[in-house]
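In our numbering, the protein residues as written are 80 to 312.
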């Protein structure tokens with residue numbers, strides 16, 4: 080589904096330039112659950128942002144579902160991102176003035192889904208993540224774990240090809256983080272949505288079938304978590 084070919088990302092010029100990614104080659108299969116692991120500064124978030132069209136590579140190509148992402152016009156890319164990608168962030172990124180239902184509804188508004196269908200899908204998505212009784216609560220009325228569940232529902236409500244999660248358990252206690260990870264992997268299996276996570280959370284990594292380890296902008300290993308050794312923060 081995704082082919083990353085010789086992707087590099089450099090910030091700045093000359094001796095002070097920062098090489099965030101160095102000639103990354105990677106394939107991700109449809110329906111797979113995969114994690115990027117590595118210490119801070121390893122390049123995992125940069126790679127995730129490139130897959131999500133939130134950043135552009137300095138060189139190399141990324142082909143997602145047959146489309147070369149960075150050959151699209153800005154308008155085409157914005158449409159593709161709205162229709163085909165779902166995002167989950169460590170700080171939830173919820174609109175504080177909107178209810179859980181309204182936050183989840185946002186991707187459907189971007190995709191011009193009819194109002195009756197929006198309502199149905201939002202209620203289904205929030206019920207699926209265990210928040211069917213909290214549709215009208217605003218973020219300030221929700222716990223950290225509940226906020227992240229709203230974010231998960233929002234990422235999946237428009238049925239994207241790919242869901243990207245950047246450190247989704249970083250702002251949660253360990254028990255709540257495990258519940259979120261279990262929810263993500265359950266939905267990955269149930270819905271067949273491709274899931275890519277950036278993390279150094281060992282509990283999360285232990286629940287993901289394939290882990291790609293990065294260090295200093297390079298991939299250094301790929302395989303099952305048990306075969307990759309310890310993950311350093």
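Glycine residues also receive a C-beta, built at the ideal position from the N, C-alpha and C atoms.
Cα separation between residue i and residue j?
i: residue 194; j: residue 259; result: 29 Å
i: residue 241; j: residue 247; result: 15 Å
i: residue 182; j: residue 131; result: 20 Å
i: residue 295; j: residue 100; result: 7 Å
i: residue 312; j: residue 154; result: With a pLDDT of 48 at residue 312, under the threshold of 50, the predicted position of this residue should be treated as unreliable, and no value is reported.
i: residue 320; j: residue 239; result: The shown model of the chain, from 80 to 312, leaves out residue 320, and the question about it has no answer.
i: residue 290; j: residue 252; result: 22 Å
i: residue 157; j: residue 234; result: 16 Å
i: residue 283; j: residue 94; result: 37 Å
i: residue 164; j: residue 212; result: 27 Å
i: residue 274; j: residue 223; result: 21 Å
i: residue 104; j: residue 86; result: 7 Å
i: residue 205; j: residue 84; result: 37 Å
i: residue 116; j: residue 176; result: 34 Å
i: residue 139; j: residue 151; result: 15 Å
i: residue 299; j: residue 256; result: 26 Å
Measuring alpha carbon to alpha carbon, tell me which residue in the options is nearest residue i.
i: residue 168; options: 83, 85, 232, 272; result: 232
i: residue 214; options: 223, 301, 203; result: 203
i: residue 160; options: 171, 172, 146, 300; result: 146
i: residue 185; options: 141, 230, 170; result: 230
i: residue 192; options: 176, 218, 237; result: 237
i: residue 179; options: 216, 244, 152; result: 216
i: residue 109; options: 267, 120, 190; result: 267
In its own chain, which residues sit with a C-beta less than 8 Å from the C-beta of residue i, not counting the 5 before and 5 after it?
i: residue 188; result: 197
i: residue 91; result: 97
Give every residue of the same chain whose Cβ lies closer than 6 Å to the Cβ of residue i, excluding the five residues on either side of it in the sequence, and list them in chain order.
i: residue 81; result: 107, 143
i: residue 89; result: 96, 98, 137
i: residue 280; result: 248
i: residue 125; result: 88, 99, 100
i: residue 219; result: none
i: residue 134; result: 128
Taking buried to mean at least 16 other C-beta atoms within 10 Å of its own C-beta, is residue i buried or exposed?
i: residue 200; result: buried
i: residue 174; result: exposed
i: residue 285; result: exposed
i: residue 288; result: exposed
i: residue 272; result: buried
i: residue 261; result: exposed
i: residue 114; result: buried
Might you give, ordered along the chain, the residues of its own chain that have their beta carbon closer than 7 Å to the beta carbon of residue i, omitting 5 neighbours on each side?
i: residue 309; result: Note that residue 309 has pLDDT 47, beneath the 50 cutoff, so the model's placement of it is unreliable and the number below is only indicative. Same-chain partners within the cutoff: there are none.
i: residue 122; result: 99, 100, 293, 296
i: residue 209; result: 228
i: residue 166; result: 131, 234, 243
Bridge partners of residue i, per DSSP?
i: residue 161; result: According to DSSP, which records beta bridges pairwise, residue 161 is partnered with nothing at all.
i: residue 147; result: 142
i: residue 114; result: 276, 290
i: residue 178; result: Answer is none; residue 178 lacks a bridge partner.
i: residue 245; result: 168, 277
i: residue 98; result: 89
i: residue 83; result: 105, 141
i: residue 300; result: 292
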